[in-house]
Amino acid sequence: MLPGSSCSSWKSVAGAGVPEKFPAGLRVLVVDDDPTCLVMLEKMLKKCNYEVTTCNGAEVGLSLLRENKSGFDIVLSDVYMSDMDGFKLLEHIGLEMDLPVSVS
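In terms of the UniProt record's numbering, the sequence shown is residues 1 to 104.
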């Protein structure tokens, strides 16, 4: 997501079937070891009416997911983290649960 963007400004691409706004209420887990990124993403996602949970590492995020497998609709994760990289987190999530993950 680009800084300064907002959900209400995302428009449908002609014929693509993309809604003008994303569905409200999605439960998003954001995993990043950079506190600034966590705060920024949380603010942007809350503007889209998402329920946002943040955690400062992949191990913590994986623990949250294992404790409550149906508690989130999507995971947004950083790639480079000190405890476990985002691709390893993606691998664990893919093996243990059916949940979309975006790694950047």
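Cβ coordinates follow ideal geometry from the N, Cα and C atoms, glycine included. These numbers were taken from a predicted model, which means no experiment stands behind them.
Name, in chain order, the residues that DSSP records as bridge partners for C55. C55 is bridged to V31.
On the CB-based measure, 16 or more other CB atoms within 10 Å of its CB, does F72 come out buried or exposed? So F72 ends up on the buried side.
Short of 7 Å in beta carbon distance, which residues of its chain neighbour D83, apart from the five on each side in sequence? Order them along the chain. Excluding sequence neighbours, D83 sits near G57, A58, E59.
Here's the rule: buried if 16 or more other CB atoms are within 10 angstroms of the residue's CB, otherwise exposed. What is Y80? With fewer than 16 neighbouring CB atoms inside 10 Å of its own CB, Y80 falls in the exposed class.
Within 10 angstroms of its Cβ, does G25 collect 16 or more other Cβ (buried), or is it exposed? Within a 10 Å sphere around the beta-carbon of G25 sit fewer than 16 other beta-carbons, which makes this residue exposed.
For G61, count neighbouring C-beta atoms within 10 Å of its own C-beta (all shown protein chains included) and say buried if the count is 16 or more, exposed if not. Counting Cβ neighbours within 10 Å, G61 comes out buried, since at least 16 surround it.
Within-8 Å CB hit, L29 to chain D: Among the chains of the structure shown, chain D does not appear; only one protein chain is present.
Other residues of its chain near D85: CB distance less than 8 Å, five sequence neighbours each side excluded: The beta carbon of D85 is closer than 8 Å to those of A58, V79 in its chain, skipping five residues each way along the sequence.
Determine whether the beta carbon atoms of V103 and L29 lie at a separation below 8 Å. At a Cβ-Cβ threshold of 8 Å, V103 and L29 do not count as neighbours.
Apply the 10 Å Cβ neighbour rule to V39 and answer buried if 16 or more other Cβ atoms are within range, or exposed otherwise. Within 10 angstroms of the beta-carbon of V39 lie fewer than 16 other beta-carbons, which makes it exposed.
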